[in-house]
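Inspection log for the structure reproduced underneath, given as structure tokens.
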Amino acid sequence: MPEPRPNPNLEAYDMEGLTIGTICSHSALQIFHGARQEGFPTIGITKADRKEMYGSFPMGRPDEFMVVEDFDDMLKPSFQRELID
4 MPEPRPNPNL
14 EAYDMEGLTI
24 GTICSHSALQ
34 IFHGARQEGF
44 PTIGITKADR
54 KEMYGSFPMG
64 RPDEFMVVED
74 FDDMLKPSFQ
84 RELID
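The sequence shown begins at 4 in the working numbering and counts up one residue at a time.
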């Protein structure tokens, strides 16, 4: 069986500087925990009123939060630039 070739789009990424980001939800707790176990920094995207609940789950808490007023805000070019930076 031939060895799979890496996706050429990945070559543009700094593989040592990747951060795992996701919308904060019950599933995100597992994503953040797994990313932490693998040594990746994490960013959670959430609304302000949901941020506090992550204090109860230290291993499932992201390293950093990006707070949005509405999840549609993630589609704005300014938010996309912030994610990339």
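The beta carbon of each residue, even a glycine, is placed where N, CA and C say it ideally should be.
Can you round the beta-carbon distance between Tyr43 and Lys54 to whole angstroms, since I take them to be within the 8 Å contact cut?
Checking the displayed sequence, the identity of residue 43 turns out to be Phe instead of Tyr. Contact between Phe43 and Lys54 fails: their C-beta atoms lie close to 20 Å from each other, not under 8 Å.
Phe82 - containing alpha helix (DSSP H), residue span
Secondary structure note for Phe82: its alpha helix (DSSP H) is the uninterrupted segment Pro80 to Ile87.
Is Phe74 helix, strand or coil when you go by DSSP?
In this structure, DSSP gives Phe74 a helical state, which the three-state scheme calls helix.
Determine whether the beta carbon atoms of Ile48 and Val71 lie at a separation below 8 Å.
Cβ distance < 8 Å, so Ile48 and Val71 count as in contact.
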